[in-house]
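What follows is one structure encoded as structure tokens, with my remarks underneath.
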Amino acid sequence: MLMPLADFPRVIVALAAVLVALVGMSSASSSGTSCSTPQTSGIAGANDPFWMQTIQHQGLAAFNSNPSSYQVFRNVKDFGAKGDGVTDDTAAINAAMSAGGSTEPAIVFFPQGEYLVSSPIVAWYYTQLIGDARKPPTLIAAANFNGIAVIDADPYIANGQWYVNQNNFYRSVRNFVIDLTRMPATSSATGLHWQVSQATSLINVVVNMSTASNTAHQGIFMENGRCETPVWWFYGRQTLFSTEVRLLYARLIFSSTYYLGKFGIWVGNQQFTVRNITVNNAQSAIFGLWNWGWTFQGVTINNCQVGFDLTTGGLTNADQTVGAEAIIDATVTNTPIFLRTSQASNGRLAGSLVLNNIKLNNVPTAIGVVGGEVVLNGGTTTITHWNQGNVYTGTNPSGRFVQASTSSFNKPGVLMNSNGNGQIFGRSHPQYNDFAISQFISARSQGAKGDGTTDDTAAIQNMLNTFAGCKIIFFDHGTYLVSSTITIPAGTQIVGEAWSVIMGGGANFENVNNPQPVVRMGTSGSSGTMEITDMIFTTKGPAGGAIVVEWNVHDPSGKQGVAGMWDSHIRLGGALGTNLDGTHCANTTSPSTLTANCMSAFLGLHLTAQSSAYLEGTWVWNADHSLDAPNNELTLYSGRGILSQSAGPVWLIGTAEHSVLYQYNLVNAQNHFMGLIQTETAYFQPNPAPPAPFTSVSSFDDPTFSGSQDHGWAVRVQNSQNIIIFGAGLYSFFQDFNGACVNSQTCQGQVFDIDSASTISIYSLTTLGSVFSLSINENGVISSNDNIDGFATTVTQWTRS
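Heads up: the sequence shown is residues -28 to -1, 1 to 773, going by mature numbering (1 follows the signal peptide of the UniProt record, and there is no 0).
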């Protein structure tokens, strides 16, 4: 019988996938067919502009009402900005920001120069502000500047703000010098008003402030109001989401430097990770007003009066202050006080502190209290490890309050910087500053459409087979629909444009009994570079058989952190084109009517046994609401969040939320550094209770569920060794979308389980809404009510013994 013509495209795609599998059998990285040796270094000339400025821009916002006319990439000089340091460029820059009149993906690019502004640059939702990485431009606040900050990510308006800040996602600011020095020293000059949520980052940002002794300047202002109820209510002109919202999360400041001023950064936020920050000559380097949990990694403070100035002591929802601060790998020089709290703890938990590897050089007071009390003397010394808070060991349900130096945790060598400085390894977002545009290849120029409807499987795979390792693969902005697994060979570098999307859809990803990867990073046992930046991986429902990303690749011998993802996310549903939105999967009290069509994934991210991974700012989010419509709660079913079976090393900074069985599952894993990790239990549970609508699958090391465990696990650790969690926020806000259980800590029974065979050290563990903060072999050990620390609860330390 002759094959129908309509079936030929499907067969061609299937054959392409088979060929890919055959090509990918080599375990070592190899170059594509277009070159004999891989591309290893940039060839840009000394005076060349950053490649992003001159590469052809043909990005497509696939689900815009008029995608052919919507401009994704915008050079501010095309909108009239001069960048001469004299002309007021405010109007021109804000015209670039608002072009298209929407909050759909955009890059607003600043060539090198000096841009004078007299009022805030309003950073729109889903927009990246990027300066020339080779010669970062300067944003100069005019002497008569009027406004909250030079860059404002959430403007205040009458009776509210532009955005619901708890859902103020998808933002990045990169490669700028912000100069406040023309403004009067006594004015409240601010570099950035950064009131943001998931999928946000600051990269390579410098803020210069006044040197005057009476200065009121500050680098960052992050406030977020009072924490009054388990659901915060904000209303604004551009409220994009449901007014019954999730609580605030924000992430990542890297490679940022602040000079002089009153405050380097002034911050209050639910939880945050700050990595690689430097503050010089400020009165207070870091002023912390409130949080539930916060991790600082890689801090340098020079010539300040106070390093960390923390408001502490609030033990109730009504007076929340800094609940938990965890600081690792800091160097503080010529600063009278390293860390100061507003109140003494008085022998009880009243703000948890964890300090690890803090090098002090001429710092007389290591830890003090406002008013003069010295808790820990300083000098020129190293604080190996110091805790303030409740400490637990093993299965003992009774903690003890500690305010003292204690033994540090084991740090596997593979997790440490290879330069011998004694710090946990970290690597910032690659930007390829030294590469010329001839060293990039465009997905759209190679035949992929990115229009959200054309099957781009064959075009993408052919491009990868030809150019992987030979060129940096540039995914022009778009939504690239694929109908079978894309295999990305080890040796590949991929750059998206304003979070380009690869979306798996079709029959290959629907069968929950035969799950298939949408994107396979390397093949089993492969090693080599795998750098993924500014990408989103998603599915088109129904997709109950999709493993969205299968990660197989390992760093090559002698290199660290070259197999990783930065500012790249797994987003399941909640967006146009996914069929997993309010039209198809609105919240309902009868989930059985939604089950088949509203499965968004089998598994979000799988780190396989022979892989290593550096994941910075990776958000694995099963959507609870629509990004494209207001007041639109969703019920979607993603079976599993992140499964790691990796022997490491793995560095993981990020979140996993709303999956059915678990958010993080570590099984036979080794050598992981995780911090700060944040989870939320699926809002619809226990309607249905896990594993429904999925089943537990032993071949994927799934947990099994008894009647008492009627919510998914936030973190589950089985037979795993050398695991370090340095900051975690594990939250359960709802029972079937009802938040009345939060204040009593009874939304679910158990949230974090460790078996008796694993070696793991846990610091600064914050939980909310669960009866127990920690369980051993599924038996609750640490009661949340024993560790109330403001609105949430905090366990300062748990170790096996």
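Where a beta carbon is used, it is the ideal one built from N, C-alpha and C, also for glycine.
Inspect the beta-carbon positions of residue i and residue j and report whether they are closer than 8 Å.
i, j, result
"Ile396", "Ile445", "no"
"Ala341", "Ala322", "Reading off the sequence shown, one finds Val at residue 341, where the question assumed Ala. For Val341 and Ala322, no; Cβs fall outside 8 Å."
"Gly549", "Thr429", "no"
"Leu624", "Leu587", "yes"
"Gln243", "Asn275", "no"
"Ala121", "Pro92", "yes"
"Ser730", "Gln690", "yes"
"Ala171", "His541", "yes"
"Asp725", "Trp685", "yes"
"Glu750", "Gln722", "yes"
"Tyr655", "Phe698", "no"
"Ala573", "Val520", "yes"
"Ala95", "Asp50", "no"
"residue 834", "Gly103", "The question about residue 834 has no answer, for the chain in this structure spans -28 to 773."
"Phe35", "Gly424", "yes"
"Gln657", "Asn640", "no"
"Thr12", "Ser3", "no"
"Gly530", "Glu503", "no"
So residue i and residue j are supposed to be a Cβ contact under 8 Å. How far apart are they, rounded?
i, j, result
"Gly516", "Glu469", "Not really, about 30 Å apart at Cβ, beyond 8 Å."
"Ser598", "Asp553", "5 Å"
"His526", "Gln582", "6 Å"
"Gly260", "Val294", "5 Å"
For a test of your reading of the model: does the CB of residue i fall under 7 Å from any non-hydrogen atom of the ligand GDP? Yes or no.
i, result
"Gln395", "You won't find the ligand GDP in this model; it holds no ligand whatsoever."
Could you pull the start and end residues of the alpha helix (DSSP H) that residue i belongs to?
i, result
"Ala63", "Thr62 to Ser70"
"Trp96", "Where Trp96 is concerned, there is no enclosing alpha helix (DSSP H), given that its DSSP letter is neither H nor E."
"Trp134", "Neither: Trp134 is in no alpha helix (DSSP H) and is coded neither H nor E."
"Trp591", "Note, Trp591: premise wrong, no alpha helix (DSSP H); beta strand (DSSP E) at Ala585 to Asn594."
"Trp23", "Trp23 to Thr26"
Only counting the same chain, and skipping five residues up and downstream in sequence, which positions put a Cβ closer than 6 Å to that of residue i?
i, result
"Leu325", "Glu297 and Gln360"
"Val304", "Ile273, Gly279, Phe310, Leu332 and Val335"
"Leu152", "Ala113, Ala161, Met181 and His189"
"Ala661", "Asp682"
"Gln642", "Ala619, Gly620, Gln693 and Asn694"
"Asn118", "Ser91"
"Pro369", "Val753"
"Ser228", "Leu174, Val177 and Ile249"
"Ile299", "Phe268 and Leu327"
Hey, quick one: how far does the beta strand (DSSP E) through residue i stretch, first residue to last?
i, result
"Met435", "Taken as a continuous stretch (DSSP letters only), Met435 belongs to no beta strand (DSSP E), being part of the alpha helix (DSSP H) at Thr429 to Phe439."
"His556", "From DSSP, His556 is part of no beta strand (DSSP E) but of the alpha helix (DSSP H) over Gly554 to Cys557."
"Gln269", "Ser256 to Asn274"
"Thr510", "Met502 to Lys512"
"Gln375", "Arg372 to Ser377"
"Trp770", "Ala764 to Thr771"
"residue 843", "Any property of residue 843 remains undetermined from this structure, which presents the chain solely from -28 to 773."
"Trp523", "Ala518 to Trp523"
"Met537", "Ala535 to Trp538"
"Gln360", "Val346 to Thr365"
"Gln418", "Premise fails: Gln418 is in no beta strand (DSSP E) and is neither H nor E."
"Met571", "Met571 to Ala573"
"Met646", "Gln642 to Glu652"
"Asn241", "Phe235 to Asn252"
"Gln395", "That residue, Gln395, is in no beta strand (DSSP E); it is neither H nor E in DSSP."
With a CB to CB cut of under 7 Å and the five nearest residues on each side skipped, what residues in its chain are close to residue i?
i, result
"Asn757", "Gln717"
"Arg154", "Ile112, Ala113, Ala114 and Ala115"
"Ala184", "Ala157"
"Ser6", "Thr438, Phe439 and Cys442"
"Ile760", "Leu287"
"Leu57", "For the sequence presented, residue 57 should be read as Gly rather than Leu. Around Gly57: Glu86, Leu88 and Ile112."
"Gly366", "Arg772 and Ser773"
Tell me which residues share the same chain as residue i and place their Cβ nearer than 8 Å to its Cβ, disregarding the 5 neighbours each side in the sequence.
i, result
"Met388", "Gly394, Gln395, Ile396 and Phe397"
"Thr354", "Asn329, Ile330, Lys331 and Leu332"
"Ile508", "Gly468, Trp471, Ser472, Val473, Ile474, Ser540, His541, Ile542 and Arg543"
"Gln210", "For Gln210, the pLDDT reaches just 21, beneath the cut-off of 50, and the residue's location in the model is therefore unreliable, leaving the point undetermined."
"Ser755", "Pro369, Val743, Phe744 and Ser745"
For the 8 Å Cβ check, are there 3 or more pairs between the stretch 5 to 22 and the stretch 58 to 65?
no
Under 8 Å, with one C-beta from each stretch per pair, do the stretch 736 to 744 and the stretch 702 to 711 reach the 3-pair mark?
yes
Taking contact to mean at least 3 C-beta pairs separated by less than 8 Å, is the stretch 373 to 380 in contact with the stretch 399 to 415?
no
Does the stretch 356 to 370 come close enough to the stretch 487 to 500 that 3 or more CB-CB pairs lie under 8 Å?
no
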